[in-house]
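Below is one structure, written out as structure tokens; the observations come after it.
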Amino acid sequence: MGTPSRPDSDAVFRARGLTKVYRMGEVEVHALRGVDLDLYRGEFVVLLGPSGSGKSTLLNILGGLDVPTAGEVWYEGHHLSGADERELTLFRREHVGFVFQFYNLIPSLTARENVAIVTDLAEGAMSPEEALARVDLSDRMDHFPAQLSGGQQQRVAIARAIAKRPAVLLCDEPTGALDSATGVRVLEALERVNVELGTTTVVITHNADIARMAHRVLYLGDGRIVREARPEQRIPARELRW
Amino acid sequence: MRALGRKAWRDLWHLRGQALAIALVIAGGVATLVMSQSTYQSLTATRERFYREGALADLWAPLKRAPDTLAPRLAAIDGVQTAQTRLMAAGTLGVPGFGEPVRVELVSLPLEGGQPLLNRLQLRSGRLPNPDVDNEVVLGEAFAAAHALRAGDTLSLTLRGRQRWLRVVGVATSPEYVYQSPPGAVFPDFRRYAVAWMNRHAMEKALSMDGAFNSVVLRLRPEAKPAAVIAALDGLLARYGGVGAYGRHEQTSARYLEEEMRQLRTMARLFPAIFLGVAAFLVHVVLMRLLGTQRDQIGVLKAFGYPDRALAWHYLLIAAVIAGAGALLGIGLGAMLGGWLAHVYQGIYRFPFLAYRLSAGAVATGLAVSLGAAAAGALMALRAAVRLPPAEAMRAPAPARFGPSLVERLGLRRWLTPAVRMALRDLGRRPGRAAFTVLGLAMASAVMMVGRFQGDAVQYMVDTQLGIAQRHDLAVTFVEPAPRGAVPELAALPGVRTAEPLRMAPVRLVHGLHSYRTVLEGLPPGARLRRPLDTALRPVLPRSDGVLLTDYLGQMLDLRPGDRVEVQALDGHRRHVSVPVAGFVHEYIGAQGYMDLDALNRLLGDGDVVSGVLLGVMPGAAPDVYAELNRRPWVAGVDSRLAAVRSFYATMGESMLVFAWVAALLGAVINFGLVYNAARISLSERGRELASLRVLGMTEGEVSVLLLGQLGVLVLVSLPLGFVAGHALCWLMTQGFQSELFRVPVRLTTATYAFAAATVCVASLLSALLVRRRIHRLDLIGVLKTRE
Chain D
1 MGTPSRPDSD AVFRARGLTK VYRMGEVEVH ALRGVDLDLY RGEFVVLLGP
51 SGSGKSTLLN ILGGLDVPTA GEVWYEGHHL SGADERELTL FRREHVGFVF
101 QFYNLIPSLT ARENVAIVTD LAEGAMSPEE ALARVDLSDR MDHFPAQLSG
151 GQQQRVAIAR AIAKRPAVLL CDEPTGALDS ATGVRVLEAL ERVNVELGTT
201 TVVITHNADI ARMAHRVLYL GDGRIVREAR PEQRIPAREL RW
Chain B
243 MRALGRKAWR DLWHLRGQAL AIALVIAGGV ATLVMSQSTY QSLTATRERF
293 YREGALADLW APLKRAPDTL APRLAAIDGV QTAQTRLMAA GTLGVPGFGE
343 PVRVELVSLP LEGGQPLLNR LQLRSGRLPN PDVDNEVVLG EAFAAAHALR
393 AGDTLSLTLR GRQRWLRVVG VATSPEYVYQ SPPGAVFPDF RRYAVAWMNR
443 HAMEKALSMD GAFNSVVLRL RPEAKPAAVI AALDGLLARY GGVGAYGRHE
493 QTSARYLEEE MRQLRTMARL FPAIFLGVAA FLVHVVLMRL LGTQRDQIGV
543 LKAFGYPDRA LAWHYLLIAA VIAGAGALLG IGLGAMLGGW LAHVYQGIYR
593 FPFLAYRLSA GAVATGLAVS LGAAAAGALM ALRAAVRLPP AEAMRAPAPA
643 RFGPSLVERL GLRRWLTPAV RMALRDLGRR PGRAAFTVLG LAMASAVMMV
693 GRFQGDAVQY MVDTQLGIAQ RHDLAVTFVE PAPRGAVPEL AALPGVRTAE
743 PLRMAPVRLV HGLHSYRTVL EGLPPGARLR RPLDTALRPV LPRSDGVLLT
793 DYLGQMLDLR PGDRVEVQAL DGHRRHVSVP VAGFVHEYIG AQGYMDLDAL
843 NRLLGDGDVV SGVLLGVMPG AAPDVYAELN RRPWVAGVDS RLAAVRSFYA
893 TMGESMLVFA WVAALLGAVI NFGLVYNAAR ISLSERGREL ASLRVLGMTE
943 GEVSVLLLGQ LGVLVLVSLP LGFVAGHALC WLMTQGFQSE LFRVPVRLTT
993 ATYAFAAATV CVASLLSALL VRRRIHRLDL IGVLKTRE
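Protein sequences appear in the order of chains D and B. The opening residue of the first sequence carries number 1 in the numbering used here; numbering runs sequentially from there. The opening residue of the second sequence carries number 243 in the numbering used here; numbering runs sequentially from there.
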């Protein structure tokens, strides 16, 4: 991979030689084959690649949901590859925001409560109302998920993810289940959070168009970063179409 | 279809934990069913055979003394098939090495030797007495076993104040004494009460009853009308001191046995109904969830052309396998428990044999009912699922709709944390399921309470009846009513603290069409050893202006305070007098009347007599007092109150304890079935939500609280309901055996409530912990990608 564009001290994540091997019965699946990666504060990074290229595995390891088979990963001062389950839980709780493809809201809680259930856990979190305002949902706070559209649900999920002011926001196909216009609104919300809160944002997608709003695009193939690109001119999310 | 069959087995394997929990609940139901039905049927068959082989009499008629020449006239009464005259007497036995007196009921055997015509003995060992030898005796099996007495042993018998030595020649059981409780007692006391059979000749001599009898038993022709025979019999015996003939339903042994079987029949219905109801509910919810997760599979299978019927069979098969496994386990368990119960019964009801057989009917019923319950639960779940069109089934179900819970709508929302709101809304979305779970848990507590109820009730009866109402140490019964001069004589015995006279007058009480044979107790004013109680357990003083009746007797005779009841004395001058009812007393054992002693004596006109004395004795003085009493020919028997209580606990205590533990275990099984399944289903339904929360940084502990806290609420809500249900169930059970013999009070101790609550909580906690382990295995990565 290319040389980092910023000084090392600014790297939020630093990964070296990340390897992940899944053993599925008799077969070994090499999901990652030695990935080196630095993610910087405030960066908006898009991970592109075909199915099975290792995007999700990489995201899971960065988010503390999985541990590498070999290699090292640091989050600021923390050595994630050596952490146990309890430390990883604490890491997710304090530093990481997740946005899922299928929103994963709790159906029995309203939008406000879905955010509150996470802010209750965190110190220094913003209020659920503020978080929802940031994703333009102030008028839907007391709606249950079943009363919201897919895009609205995903924006609640984003509000839930950013309310605790995480250093990093990890999004796995956040627009995968949405149509283009709705998807754009969700991306606008992510963009706004990135700018206003300076949250390092990593977005996994199949959709090459989304890459045009990124600071940096990483192309994954067969468990490796095969190419890195920096769009010459970033396009605001609202101008994206697909 | 073979592939579908394989799917059924794999689904079952996947559900094994839940299937096992349901199978255990079914097993509990079938076990109680098989146990109680098998025991009931075995007991019925045994009783029928024993009564038939032993030629149990249909009527009993005690009297004072009649010449043998009357016997042919008795046999000639229309409807009588067989009449057997005999002598009966109460005496005291001395068993070498046993310091307490033993009351014995002596029954004569025919003059010419051999078996009597009716109430024949079944010899367990030895032989019948030789008609030419006067000191030979056959002992009742229960008493012989309690003292390890065998043919060849010797005993002393005190009869009418004269002591003699007897040689045991045999040990026997009699259909007339299957249940043996000392007169006036409810519980058996095999160590202190005996039945024995002697030669008629020997008894005639001892009782000075040459050529006379004081008891007759009769067998009726099948077409005979018992009431008519009793009337004719009473007419004939009236001048010979007859106190009224009675049938099997008033004969102590036959009556108790009948009551016991009634109770067993109640149990055979009640317990299985609870278990199988819970099982049906569990099958229903588990299949509902299975169908929910397999919604798309059903759609695909239907799209491939599997008919609805095949799919319905597929899921019914799963339910049937669970039910079948539970039923088989239950049958095995029931057979075992039944064997144990039969053994317990044999300790109390002394049959010569107890043909315990696993009832084929019970097995078939158990299988049918459990399969039926499972099918009912399954069909309700299947109806909607199988009907769904394939295209719709393959689409994801509409997202679950939730709304604010009732508690929140009452304005309490801001006091509730999101976790509590989640729990409440989840419960509110499926109120039926929550309600059934709570109901099932309540029934689990109730079953445990019923298990301990018997012990509690008996404890309460003993505490009130023997602790407050009857405070004597020894009760002395005279051979026949004696002048009051006997009282100071006994009061002066060394070691006697207090002596209070007592008259027990056999009477028939008549009010309108109702009548009842019982005793009127005459008590001295200010009696301290014998005190009838009111409902608040306060002593009630006997009155001279009317009778106090046991409240149950008042109901039986349809009497209210102030009404007049006709008292027909059955001994002495046999007066018939009308007496006002002064009030009622509350008693759990027996049904009788009380009156001031002097007033009773005036009323009956037999002079100033007493039929016994109650004694308070100094600690340790009892053996000396026994010895003194034994020397007096007018003393028929002596009862020790505390010994009776101790003996009761020795006889019944163990079986009551085992019963309590079995019930606790059964309750815990219901509890486990409900909590484990509820937690598993909840985990399955909410697994995705919980995994998401884990991803968002919740610890396993926090997520567990979310999942199990909701169940904890249900368990807590079920506790008070369980107490109410337990109380109601105990009440229901007692309704089966309220009789003039005894009424079982629905009194449960705090310990029983605490025990049920603690067992429910512990069983719930353990079941929950089993599920807690699964939270550790939640797939955190999977939820990022998949949709439910």
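Beta carbons are placed, not taken as given, at the ideal position from N, Cα and C, and that holds for glycine. Only a predicted model underlies this, so the values are computations on that prediction, with no experimental measurement involved.
How do the region 605-622 of chain B and the region 557-577 of chain B stand: do at least 3 beta-carbon pairs fall below 8 Å, yes or no?
Yes, the region 605-622 of chain B touches the region 557-577 of chain B.
Helix, strand or coil: which one does DSSP assign to B:Val959?
The residue you call residue 959 of chain B lines up with position 717 of the second sequence. It is helical.
Look up B:Thr324 in the DSSP assignment and say whether it is helix, strand or coil.
As a position in the second sequence, residue 324 of chain B is number 82, starting the count at 1. If DSSP states are grouped into helix, strand and coil, B:Thr324 belongs with the strands.
Can you name the residues of chain B whose CB is closer than 8 Å to the CB of D:Ala31?
Start at 1 with the first residue of the first sequence, and residue 31 of chain D comes out as number 31. What D:Ala31 touches in chain B: nothing, since even the nearest Cβ is about 11 Å away.
Could you spell out where the beta strand (DSSP E) holding B:Trp302 opens and where it closes?
Translated into the one-based positions of the second sequence, residue 302 of chain B becomes position 60. Run containing B:Trp302: 301-309, per the beta strand (DSSP E) assignment.
Could I get the ranges of all uninterrupted alpha helix (DSSP H) runs contained in the region 660-706 of chain B, with 4 residues as the minimum, in chain order?
Listed in chain order, they are 660-671, 673-703.
Out of B:Asn456, B:Gln707, B:His443, B:Leu621, which one is the CA nearest neighbour of B:Met199?
In this structure chain B extends from 243 to 1030, so residue 199 of chain B is not present and cannot be described.
What does B:Ile1023 touch in chain D if you count any residue whose Cβ is under 7 Å from its own?
Locating residue 1023 of chain B in the second sequence gives position 781, counting from the first residue. Per Cβ cutoff of 7 Å: Asn60, Leu65, Asp66.
May I have a chain-ordered list of the alpha helix (DSSP H) segments no shorter than 4 residues that lie completely inside the region 446-512 of chain B?
Listed in chain order, they are 468-479.
At 4 residues or longer, what runs of the alpha helix (DSSP H) sit wholly inside the region 273-302 of chain B?
The region 273-302 of chain B contains no whole alpha helix (DSSP H) run of 4 or more residues.
Suppose contacts are defined by Cβ-Cβ distances below 9 Å. Is B:Val628 in contact with B:Leu553 by that definition?
Walking along the second sequence from the start, residue 628 of chain B turns up at place 386. Walking along the second sequence from the start, residue 553 of chain B turns up at place 311. Yes, the Cβ-Cβ distance between B:Val628 and B:Leu553 is below 9 Å.
Kindly say whether B:Pro1049, judged by its beta-carbon, lies nearer than 9 Å to any beta-carbon of chain D.
Residue 1049 of chain B falls outside the range modelled here, since chain B spans only 243 to 1030, and no answer is possible.
In chain C, what lies closer than 8 Å to B:Asp668 by C-beta?
Among the protein chains of the structure shown, namely D and B, there is no chain C.
From D:Arg238 to D:Glu188, what distance separates their C-alpha atoms?
Along the first sequence, one-based indexing puts residue 238 of chain D at 238. Along the first sequence, one-based indexing puts residue 188 of chain D at 188. About 6 Å.
B:Tyr435 by DSSP, collapsed to three states: which one?
Taking the first residue of the second sequence as position 1, residue 435 of chain B is located at position 193. B:Tyr435 falls in the strand class under three-state DSSP.
Nearest CA to the CA of B:Arg930: which residue from D:Ala31, D:Val67, D:Ser108?
What you label residue 930 of chain B is simply residue 688 of the second sequence in a count that begins at 1. Closest by alpha carbon: D:Ser108.
Do B:Leu579 and B:Val349 count as a contact pair if the criterion is CB distance below 9 Å?
Position 107 of the second sequence holds residue 349 of chain B. Position 337 of the second sequence holds residue 579 of chain B. In this structure, B:Leu579 does not lie closer than 9 Å to B:Val349 by Cβ.
Strictly under 9 Å for the Cβ-Cβ distance: is B:Ala642 near chain D by that measure?
Position 400 of the second sequence holds residue 642 of chain B. Yes, B:Ala642 counts as interfacial toward chain D.
Can you list, in chain order, the residues of its chain with a C-beta nearer than 8 Å to that of B:Gln696? Leave out the 5 residues immediately preceding and following it.
Stepping through the second sequence from its first residue, residue 696 of chain B is reached at position 454. Once the five neighbours on either side are set aside, the close Cβ partners of B:Gln696 are Met898, Phe901, Ala902.
Going by CA-CA distance only, name the one from B:Ala993, B:Asp705, B:Ala448, B:Pro803 that's closest to B:Thr400.
Taking the first residue of the second sequence as 1, we reach residue 400 of chain B at position 158. It is B:Ala448.
Start and end of the beta strand (DSSP E) containing B:Pro748?
Within the second sequence, residue 748 of chain B is the residue found at index 506, counting from 1. That run of the beta strand (DSSP E) goes 738-753.
According to DSSP, which residues form a beta bridge with D:Gly20?
Taking the first sequence and counting its residues from 1, one reaches residue 20 of chain D at position 20. Sequence check: residue 20 of chain D is Lys here, not Gly. DSSP output for D:Lys20 lists D:Leu32 as bridge partner(s).
Which residues, taken in chain order from the region 167-192 of chain D, show a beta carbon closer than 7 Å to some beta carbon of chain B?
So the close ones are Asp172.
Have a look at the DSSP bridge pairing and note the partners of B:Thr719.
By 1-based counting over the second sequence, the position of residue 719 of chain B is 477. According to DSSP, which records beta bridges pairwise, B:Thr719 is partnered with B:Gly854, B:Gly879.
From B:Met277 to B:Thr508, what distance separates their C-alpha atoms?
On the second sequence, residue 277 of chain B is found 35 positions in, with the first residue counted as 1. On the second sequence, residue 508 of chain B is found 266 positions in, with the first residue counted as 1. B:Met277 and B:Thr508: Cα-Cα distance of roughly 13 Å.
Would B:Val947 pass as an interface residue toward chain D - the criterion being a Cβ-Cβ separation below 9 Å?
Within the second sequence, numbered from 1, the residue matching residue 947 of chain B stands at position 705. It does not; no Cβ of chain D falls within 9 Å.
Distance check for D:Ser56 and B:Ser924, CA to CA, integer angstroms please.
By 1-based counting over the second sequence, the position of residue 924 of chain B is 682. By 1-based counting over the first sequence, the position of residue 56 of chain D is 56. Roughly 28 Å separates the two Cα atoms.
Assuming B:Leu956 and B:Leu652 form a contact by the criterion Cβ under 8 Å, report the distance between their Cβ atoms to the nearest whole angstrom.
Looking up residue 956 of chain B in the second sequence gives position 714. Looking up residue 652 of chain B in the second sequence gives position 410. Contact doesn't hold; Cβ gap of about 20 Å is too wide.
Return helix, strand or coil for D:Leu88, following the three-state DSSP convention.
On the first sequence, position 88 is the one that residue 88 of chain D refers to. Helix.
Rounded to whole angstroms, what's the CA-CA distance from B:Ala665 to B:Ser926? Just pull it up for me.
Position 423 of the second sequence, counting from 1, holds the residue named residue 665 of chain B. Position 684 of the second sequence, counting from 1, holds the residue named residue 926 of chain B. So the two alpha carbons sit approximately 15 Å from each other.
Any residues in the region 113-136 of chain D with a beta carbon nearer than 9 Å to a beta carbon of chain B? Which ones, in chain order?
So the close ones are Glu113, Asn114, Ala116, Ile117, Val118, Asp120, Leu121, Ala122.
Name the residue from B:Thr334, B:Leu475, B:Met636, B:Ala522 whose alpha carbon lies nearest to the alpha carbon of B:Ala545.
Sequence index remark: in the second sequence, residue 545 of chain B carries index 303 (1-based). Among B:Thr334, B:Leu475, B:Met636, B:Ala522, the Cα nearest to that of B:Ala545 belongs to B:Met636.
Would you please state the rounded distance, in angstroms, between the beta carbons of B:Phe644 and D:Ala146? I believe it to be under 8 Å.
Here residue 644 of chain B is taken as the residue at index 402 of the second sequence, counted from 1. Here residue 146 of chain D is taken as the residue at index 146 of the first sequence, counted from 1. Rounded, the Cβ-Cβ distance is 7 Å, consistent with contact.
Would B:Ser934 count as contacting chain D if we go by Cβ distances under 9 Å?
Taking the second sequence and counting its residues from 1, the one referred to as residue 934 of chain B is at position 692. Cβ-Cβ to chain D under 9 Å: yes for B:Ser934.
For the 8 Å Cβ check, are there 3 or more pairs between the region 856-868 of chain B and the region 733-742 of chain B?
Cβ pair count under 8 Å is three or more, so yes.
I'd like to check one pair, D:His206 with D:Val45: are the Cβ atoms closer than 9 Å?
As a first step, residue 45 of chain D is located in the first sequence; it is residue number 45 there, counting from the start. As a first step, residue 206 of chain D is located in the first sequence; it is residue number 206 there, counting from the start. Contact flag unset, no.
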